[in-house]
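The structure under discussion appears below in the form of structure tokens.
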Amino acid sequence: MLFYVNIVLILIVIGIIGYPFVNKFRIKSVAKLVDNAEFSKQMIGGQLIDLREANDFRVAHILGARNLPFSTLDQSLSAIRKDKPILFYENAKPAVAIRAALKLKKAGYINIFILKTGMKTWHGKIKKGA
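Take 1 as the starting number for the sequence shown in UniProt numbering and just add one per residue.
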């Protein structure tokens, strides 16, 4: 019995240690996490999509972005072209953007870029609401 408990504990530890590596590989297979400079380059000819909710978008957003909140992404897929690069961003760490990239990859989209540090550290032009 103790043998089986030890095996289970070892598998749990391996899972906990291995998860970040598997997750990192999974992210790389669907999208490229990029810094501000690379994101700016990819914006030329790309589709800039703000995944935040509409209220956050109205307060401020990257100039040229359109708002497709993650909560409505499934209904908005037809508004995203498959033949142009897709650039996602959100407020900070890209947890939601990664989930969005996974959805798009499953739907056949390619060329997906994610702003690594989000809107909070963006150095480019911003449009602020009234």
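Glycine residues also receive a C-beta, built at the ideal position from the N, C-alpha and C atoms.
- Between the C-alpha atoms of G108 and L33 there is a straight-line separation of about 19 Å.
- Counting along the chain, F88 sits inside the beta strand (DSSP E) bounded by residues I86 to Y89.
- In the same chain as A100, and ignoring 5 residues on each side of it, the C-beta atoms closer than 7 Å to its own belong to L51, F70, L73 and F88, in chain order.
- Distance from the Cα of D83 is smallest, within the candidate group E90, K120 and G45, for G45.
- The three-state reading of DSSP puts N67 in strand, counting E and B together.
- Per the DSSP secondary-structure output, I49 pairs in a beta bridge with R66 and F88.
- If you draw a straight line from the Cα of L2 to the Cα of A92, it is about 45 Å long.
- The beta carbons of L63 and K127 sit closer together than 9 Å.
- Here L115 is buried. Its C-beta has 16 or more other C-beta atoms within 10 Å.
- The continuous alpha helix (DSSP H) containing K106 extends over residues A95 to K106.
- Assignment of I80 by DSSP, reduced to helix, strand and coil, places it in the coil class.
- Assignment of beta-bridge partners to L33 by DSSP yields I114.
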